[in-house]
Amino acid sequence: MKFDFKPGFMGSLRWWTWLVLALAGILATASLGRWQISRAEQKLALQQAIDEQMAAEVLTETDLTTEPALWGEMHRRVSLQGFWMHRHTLFLGQRMHQGRPGFWVLTPLLINEKTVVLVQRGWVARDRQDIQAIPTLTEDLQLVRIQGRLAPPPSRWMELQQETTPQAAGASRIRHNIDITELRQQWGVSVVAVVLQTDPSDAELIRDWPAPASTAQTNWGYAFQWFAMSLALLLFSLWTLFIRPLRHDPKQTR
Numbered sequence: 221m222k223f224d225f226k227p228g229f230m231g232s233l234r235w236w237t238w239l240v241l242a243l244a245g246i247l248a249t250a251s252l253g254r255w256q257i258s259r260a261e262q263k264l265a266l267q268q269a270i271d272e273q274m275a276a277e278v279l280t281e282t283d284l285t286t287e288p289a290l291w292g293e294m295h296r297r298v299s300l301q302g303f304w305m306h307r308h309t310l311f312l313g314q315r316m317h318q319g320r321p322g323f324w325v326l327t328p329l330l331i332n333e334k335t336v337v338l339v340q341r342g343w344v345a346r347d348r349q350d351i352q353a354i355p356t357l358t359e360d361l362q363l364v365r366i367q368g369r370l371a372p373p374p375s376r377w378m379e380l381q382q383e384t385t386p387q388a389a390g391a392s393r394i395r396h397n398i399d400i401t402e403l404r405q406q407w408g409v410s411v412v413a414v415v416l417q418t419d420p421s422d423a424e425l426i427r428d429w430p431a432p433a434s435t436a437q438t439n440w441g442y443a444f445q446w447f448a449m450s451l452a453l454l455l456f457s458l459w460t461l462f463i464r465p466l467r468h469d470p471k472q473t474r
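Residues in the sequence shown are numbered consecutively from 221, following my numbering.
Right, dumping it as structure tokens:
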């Protein structure tokens with residue numbers, strides 16, 4: 221980056237060009253800092269909502285069957301009994317845990333002949349030799365009871381293009397993202413809710429789900445970096461576009 225501080229630099233076309241670029245950079249970095257603060261505040265608000273809902277009474281399958289509207293109580297604790305539909309288990313790829321690549325395991329739980337919930341059961345590591353290998357998990361065919369909380373569908377990962385492979389038609393159990401409406405059509409059952417299982421981790425699945433507020437500090441850190449960059453651009457611009465030209469051009473100091 222080279223600046224020409226010859227007489228007449230201030231007010232020249234080059235000076236205005238650099239001024240516009242500097243203002244754009246300052247505004248852009250400040251906006252990114254504000255966005256990171258907004259993200260941190262959203263996570264804190266979400267954590268507060270979760271904590272408030274978790275303090276409420278645990279809902280059972282009886283409560284939810286009697287009053288179906290309760291399925292919409294996001295983050296409410298539930299205790300559900302049913303049978304795993306293992307043949308429909310899905311593995312969401314590109315999910316990291318402590319720096320290790322792996323899958324989120326999702327299996328529908330049949331509560332009764334009309335009620336199915338999609339349970340996010342935990343995280344399992346990916347095969348290092350074959351990234352497309354489906355993890356082998358024990359299939360419990362007995363009646364089970366799980367503890368969890370009602371949750372939104374898993375967060376989506378960006379896809380470069382819409383899938384047109386057999387995976388998109390439901391042939392693959394490994395997915396990047398899921399669509400509840402599509403799953404209902406593929407499975408022929410009505411999925412009424414998504415449940416995040418909160419039972420302790422076991423030998424196969426890890427369930428130490430991170431709290432939303434636990435990553436808010438990261439956003440605060442990013443916000444500080446963006447604001448620091450914005451301030452640095454401001455000071456640099458003041459020095460190079462105003463102070464130094466005034467010092468180098470005698471006409472500007474009269």
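Quick reminder that beta carbons are idealized off the backbone N, C-alpha and C, glycines included.
In the DSSP assignment, what residue or residues form a beta bridge with residue i?
| i | result |
| --- | --- |
| Pro321 | Met316 |
| Phe229 | In DSSP, Phe229 forms no bridge with anything. |
| Gly493 | Within the shown structure, residues of the chain are numbered from 221 to 474, placing residue 493 beyond reach of any answer. |
| Gly245 | Partner(s): none; Gly245 has no beta bridge. |
| Leu329 | Trp304 and Val337 |
| Trp343 | Trp324 and Ile426 |
Candidates the options: which alpha carbon is nearest residue i's?
| i | options | result |
| --- | --- | --- |
| Pro374 | Val339, Asp347, Glu359 and Gln273 | Val339 |
| Leu290 | Phe229, Ala276 and Leu252 | Ala276 |
| Leu300 | Asp350, Leu279 and Thr286 | Leu279 |
| Trp407 | Pro430, Pro328 and Arg467 | Pro328 |
| Leu326 | Ala448, Pro432 and Leu416 | Leu416 |
| Val364 | Leu330, Ile257, Ala448 and Thr335 | Leu330 |
| Gln256 | Ala265, Phe462 and Trp440 | Trp440 |
| Trp304 | Gln362, Met316 and Ala431 | Gln362 |
| Ala433 | Gly231, Ala260 and Leu233 | Ala260 |
| Thr438 | Trp235, Leu264, Arg234 and Leu243 | Leu264 |
| Glu333 | Glu281, Gly253 and Ala244 | Glu281 |
| Ile354 | Asp360, Thr309, Ile366 and Arg376 | Thr309 |
| Thr285 | Ile270, Glu272 and Gly302 | Gly302 |
| Pro420 | Ala443, Ile366 and His468 | Ile366 |
| Ala443 | Leu233, Gly231 and Arg254 | Arg254 |
Just to confirm before moving on: does the CB-CB distance between residue i and residue j stay below 8 Å?
| i | j | result |
| --- | --- | --- |
| Gln318 | His396 | no |
| Ser450 | Thr237 | no |
| Gly368 | Arg346 | no |
| Leu458 | Ile246 | no |
| Leu370 | Met294 | yes |
| Arg427 | Thr418 | yes |
| Arg393 | Phe456 | no |
| Val336 | Ser410 | yes |
| Phe229 | Pro430 | no |
| Pro372 | Val412 | no |
| Leu425 | Gly342 | yes |
| Trp377 | Leu252 | no |
| Leu403 | Ala242 | no |
| His306 | Glu272 | no |
Helix or strand or just coil, what does DSSP make of residue i?
| i | result |
| --- | --- |
| Leu380 | Residue placement at Leu380 cannot be trusted, given a pLDDT of 44 that sits under 50; what the coordinates show is reported in the next sentence. Note: Leu380 maps to coil in three-state DSSP. |
| Ala353 | coil |
| Phe456 | helix |
| Leu361 | coil |
| Pro465 | helix |
| Ser375 | coil |
| Arg348 | coil |
| Ser251 | helix |
| Thr237 | helix |
Item to check | Whole alpha helix (DSSP H) elements within the segment 383-441, 4-residue minimum | outcome: 400-407
Next on the checklist: Extract the residue ranges of the beta strand (DSSP E) inside the segment 255-320, only unbroken runs of 3 or more that lie entirely within it.
Outcome noted: 297-304 and 310-317
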